[in-house]
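Everything on this sheet refers to the single structure shown next.
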Amino acid sequence: MVSEPYLIAIAIVGSLSLFILIYFAIRRASTVWAQYRGPQVVICPETRQPAGVQVDLTRAEKAAFLDLSTDLRLSSCSRWPEREGCGQECLTQLESAPGECGVRFQLEHWYRGKPCVFCRKTFGPIQWHDHRPSLVTAAGEFVAWNDIAAEKLS
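By the working numbering, the letter at position 82 of the sequence shown is numbered 85, and the numbering carries on one by one without gaps.
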């Protein structure tokens, strides 16, 4: 018969192993969320024009959590519903440069080093939760970036 301290040690090691596995699975799923959340801009392989897409995060996170692989599929595209049955070849762009197709990344890159039209200070890191930058059109109108379709940003 197995002694009680031995059973306790096995339970502790098993619990610790399970905790470590869950930790890494959650970490992987949160990395997928951070890389693919929000609107993305890709070049449609069919038209060679920008398209605004969103990744099916639930599917991608679930795949990352369960088996540590990424299963990317689109949940929306600016070319849908007309081309909804496409092969989603544009996903290779997202996979090859995760995060760089994101609208936030592209806007931060665009603003970097440019002066504010009001105070003339050069933009540093964008504080999206505090002071969101906007665009001044040629007519002098202010437009928030979230009012512009992702595929029109370029």
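By construction, the Cβ of each residue, glycine as well, lies at the ideal position given by its N, Cα and C atoms.
Restricting to Cα atoms, I'd like to know which of 51, 62, 45 and 84 is closest to residue 109.
For the residues 51, 62, 45 and 84, the minimum Cα distance to residue 109 belongs to 45.
On the DSSP bridge list, what partners appear for residue 105?
Answer is 43, bridged to residue 105.
Does DSSP classify residue 97 as helix, strand or coil?
In the structure shown, residue 97 falls within a helical segment according to DSSP collapsed to helix, strand and coil.
Residue closest to residue 147, alpha-carbon to alpha-carbon, out of 23, 136 and 153:
Measuring from the Cα of residue 147, the nearest candidate turns out to be 136.
So if DSSP puts residue 138 in a beta bridge, which residue, or which two residues, is it bridged to?
Beta-bridge pairing links residue 138 to 146.
Look up residue 118 in the DSSP assignment and say whether it is helix, strand or coil.
Taken through DSSP and simplified to helix, strand or coil, residue 118 comes out as strand.
Residue 8 versus residue 18 - alpha carbon distance:
For residue 8 and residue 18, the gap between their C-alpha atoms comes out near 15 angstroms.
For residue 76, is the classification buried or exposed, using 16 other Cβ atoms within 10 angstroms of its Cβ as the cut-off for buried?
Looking at its Cβ environment, which holds fewer than 16 other Cβ atoms inside 10 Å, residue 76 is exposed.
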